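In the UniProt record's numbering, the protein residues as written are 1 to 168.
Every residue gets a Cβ at the ideal spot worked out from N, C-alpha and C, and that includes glycine.
For clarity, every value in this text was computed on a predicted model and none was experimentally measured.
Comments concern the structure below.
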Amino acid sequence: MSNDDDYEAEFDEEENVDASKVQSCNVLGTLLKPCCANVRGTGIGTGFYRNGYCSTGENDTGRHTVCVEVTDDFLNFSASVGNDLSTPVPEYSFPGLKNGDKWCLCAARWSQAYHAGVAPKLFLQSTHEKTLTYAPIEILRMFAIDQKASDEVLRTLNDKRATLNKLL
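What follows is the structure, encoded as structure tokens:
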């Protein structure tokens, strides 16, 4: 087998990787933290893969990447635009959401709610980096429940960048 054959075989294996098990980054550029692995004791985890993380992949066309704390205002808004998130749908392992639940929301739905003035608060460290294609970090930070901890992460990263720049 030639080196090219080895490379192609390795690439083929990568295509078959289970996206739910791939480590992802959050909007801060660090490892994605879990959002909720057991909604209200139902045994159901959030996220497209129902593993508790707002990770995404090729099959997640809705981009369930924003870790939010659901509010009644948001749930009412979502229902008013045709997306009832309060009603359980067992065939999709969906428990139905209630005020205070943590859930991986579709990035486009969060953006829609933001523009309507009813976006729920979110957790930056548990929100997947793909969310940045829907909303800039400056806006996401305005809704961050974990803003203090996230600011510390950003401060540490910026200090490391500054140190690297001095070395270069």
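For the options ASP84, GLN23 and PHE77, the alpha carbon positioned closest to that of CYS54 is the one of GLN23.
Below 8 angstroms, too few C-beta pairs join the stretch 44–61 and the stretch 108–115 to call them touching: fewer than three. For HIS64, the uninterrupted beta strand (DSSP E) run begins and ends at 64–69, by DSSP. With 16 or more other CB atoms across the displayed protein chains lying within 10 angstroms of its CB, CYS35 is buried. For LYS160, the enclosing alpha helix (DSSP H) starts and ends at 147–167. The shortest C-alpha to C-alpha distance from LYS130 to any of GLY43, ILE44 and HIS64 is the one to HIS64.
By the beta-carbon neighbour count (other beta carbons within 10 angstroms, threshold 16), THR133 is exposed. Secondary structure of PHE74 (DSSP, three-state): helix. Put simply, of ARG161, GLY57 and SER78 the residue whose alpha carbon is nearest the alpha carbon of VAL118 is SER78. DSSP links PHE94 through a beta bridge to VAL89. Around the CB of LYS166, fewer than 16 other CB atoms lie within 10 Å, so the residue is classed as exposed. If you look at LEU122, you'll find it isn't in any alpha helix (DSSP H); DSSP assigns it neither H nor E. The three-state secondary structure of ALA116, taken from DSSP, is helix. DSSP lists HIS128 as the beta-bridge partner residues of ASN26.
Secondary structure note for LEU105: its beta strand (DSSP E) is the uninterrupted segment 102–106. Three or more beta-carbon pairs drawn from the stretch 66–76 and the stretch 91–103 are found closer than 8 angstroms, and the two stretches are therefore classed as touching.
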